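Below is one structure, written out as structure tokens; the observations come after it.
In our numbering, the protein residues as written are 1 to 371.
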């Protein structure tokens, strides 16, 4: 008998349905949203959103607060808060059933957020208790705001081609430059008793510069001085070579040249008679050489890019002598009837010439028209 009882118990346990297999009873009520827990969708117009939401949540803790742009549930009330002025705010609460309740709040600006939250919480509680009648009926809840249309994507900017710097034209193979200068000539040595200012004059010349900077030069200088009724006239021819260095807008021309310089002395309108000792002296030309340095600024005249001007100084150190009875410096003086000789003019020896120089470079084209 005991065995039969145990077997029956096991059989009943195997066929009995478990709690997971039992369907819910249709009589059990499902949880629903009540007036006290109904969500509220809020549209703010000019009120501090964060401050107002925090104040209202303290006063309506059971009502979910939803922003106007957020997802809306099936059942909710709608609130419009319109900040008309700093001291006035209008409230409109529209229920899901279409009843609208309007309130106007006029209070100081500093108390506006707290007062609006308190007024709205009181209005919600009064509606839940049925203590207030709607101001309007059959009012539709405003639809959700439509998303702003996205502007069409800006067209991709076409990258501007990188400007290619023009390749500068190579410098011409040969440049010529007529030059003009004026200078004061100072006799340094030997001392003759005459004034150290030996002469003053100007020079016309021409320089030729090749692309590697080598320069050939030719110049003719006329200089003179008058003293004690005598006039000294000197005409010098110089032929030489050197180098012209350039740095952007600066140029330095350095040359060495051999010179020959005829000279003469006039007294009034006639040529003066010169004596060396007690015999007639010939005015043999001065022969010698010079070193010239011409630093200057390079300028391009407007509209004439093929011409470059150089304006600067001209400094010369020259040495020359007269080949009569040896190498001599021309020392010209006047001897009075008393036998006293007065030095008046000089030429040759070691001289310095300091002045200005103006040059104009231009390229020379070959037969094919290239430079």
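Glycine residues also receive a C-beta, built at the ideal position from the N, C-alpha and C atoms.
This structure is a prediction, so every number in the text was calculated from the model and none was measured.
Check: Where the alpha helix (DSSP H) containing residue 281 begins and where it ends; Outcome: Note, residue 281: premise wrong, no alpha helix (DSSP H); not H, not E.
Check: Min CB distance residue 82 to chain C below 9 Å; Outcome: In the displayed structure, chain C is absent; only one protein chain is listed.
Check: Length-filtered (4 minimum) alpha helix (DSSP H) runs lying within the stretch 50-85; Outcome: none
Check: Neighbour-count burial assignment, residue 196, 16 or more Cβ in a 10 Å radius; Outcome: exposed
Check: Spatially closest choice to residue 364 from 249, 112 and 170, by CA coordinates; Outcome: 170
Check: Sequence-distant residues of the same chain with beta carbon closer than 6 Å to residue 64, five excluded per side; Outcome: 39
Check: CB contact flag (residue 221, residue 238, <9 Å); Outcome: yes
Check: Under 9 Å between C-beta atoms of residue 272 and residue 256; Outcome: no
Check: CA-to-CA distance, residue 351 to residue 315, given in whole angstroms; Outcome: 11 Å
Check: Contact under 9 Å by Cβ, residue 177 with residue 321; Outcome: no
Check: Distance between residue 105 and residue 112 (C-alpha atoms, nearest Å); Outcome: 8 Å
Check: Nonlocal neighbours in the same chain, by C-beta distance under 8 Å from residue 358, ignoring five residues either side; Outcome: 179, 180, 181, 309, 310 and 311
Check: Bridge partner(s) assigned by DSSP for residue 214; Outcome: 243
Check: Residue 128, DSSP secondary structure in three states; Outcome: helix
Check: Classification of residue 294 by the beta-carbon crowding that lies within 10 angstroms, buried from 16 upward; Outcome: buried
Check: Best match in 194, 133, 219 and 97 for proximity to residue 290 [C-alpha to C-alpha]; Outcome: 219
Check: Burial state of residue 250, where buried means 16 or more other Cβ atoms lie within 10 Å; Outcome: exposed
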